[in-house]
């Protein structure tokens, strides 16, 4: 099976989903699943590459704390992803809408990651780190805290998906 995770910039959510899914597939002894990630924001990704071609440093640090080395993971957009993907999993509805509009070849195999993981209720989107700012008292908020909240959710989604394989 070929599984592609997609978010907007391929800097945080989709590479984290990729990393955690690979981690759990390995932990569960599952072979034969090819996992990768990409972004839909082609122009944005090209611009981000002028500063750094790698995923978010905060994301890479927290993943490393969980034993997942993604420090050398470079960002890429869907136009750079080759091959036929059995499943294309979007982090959020905006990303899914862009996949359907700009990358129609992936439309039939794409859905929200939480939908694929068979979540039945609650927020079906995986949001970026700043979305969670209102969940933390202002005096306790840090950028890292937002990433920790986001990655906790991603870890759980990835674990569910790996168990399904």
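Numbering (our numbering), first residue to last: 25 to 189.
By construction, the Cβ of each residue, glycine as well, lies at the ideal position given by its N, Cα and C atoms.
DSSP beta-bridge partners for residue 101? Sequence index remark: in the chain shown, residue 101 carries index 77 (1-based). Bridge partners of residue 101: 63.
Ordered along the chain, which non-local residues of its own chain (more than five positions away) have a Cβ less than 6 angstroms from that of residue 46? Counting from 1 along the chain shown, the entry for residue 46 is found at position 22. Cβ within range, chain order: 59.
Excluding the five sequence neighbours on either side, which residues of its own chain have a C-beta within less than 6 angstroms of the C-beta of residue 84, listed in chain order? Position 60 of the chain shown, counted from the first residue, corresponds to residue 84. 94, 95.
What is the rounded straight-line gap between the Cα of residue 160 and the Cα of residue 86? Start at 1 with the first residue of the chain shown, and residue 160 comes out as number 136. Start at 1 with the first residue of the chain shown, and residue 86 comes out as number 62. Roughly 19 angstroms separates the two Cα atoms.
Roughly how many whole angstroms lie between the Cα atoms of residue 177 and residue 184? Against the chain shown, residue 177 aligns to sequence position 153. Against the chain shown, residue 184 aligns to sequence position 160. Rounded to the nearest angstrom, the two C-alpha atoms are 11 angstroms apart.
Quick one: any contact between the segment 68 to 75 and the segment 36 to 45, if contact means 3 or more CB pairs under 8 angstroms? no
Can the beta-carbon of residue 52 be found closer than 9 angstroms to that of residue 187? Within the chain shown, numbered from 1, the residue matching residue 52 stands at position 28. Within the chain shown, numbered from 1, the residue matching residue 187 stands at position 163. For residue 52 and residue 187, yes; Cβs fall inside 9 angstroms.
Residues near residue 78 by beta carbon distance below 8 angstroms, same chain, minus five either side: Taking the chain shown and counting its residues from 1, one reaches residue 78 at position 54. Within the same chain, residue 78 has close Cβ partners 84, 95, 96, 97, 98, 99.
In whole angstroms, give me the CA-to-CA distance for residue 128 and residue 134. In the chain shown, residue 128 corresponds to position 104, counting from 1. In the chain shown, residue 134 corresponds to position 110, counting from 1. The straight-line gap from Cα to Cα measures roughly 10 angstroms.
State buried or exposed for residue 153, treating a residue as buried only when at least 16 other CB atoms are found within 10 Å of its CB. Walking along the chain shown from the start, residue 153 turns up at place 129. The residue in question, residue 153, is buried, as its Cβ has 16 or more Cβ neighbours within 10 Å.
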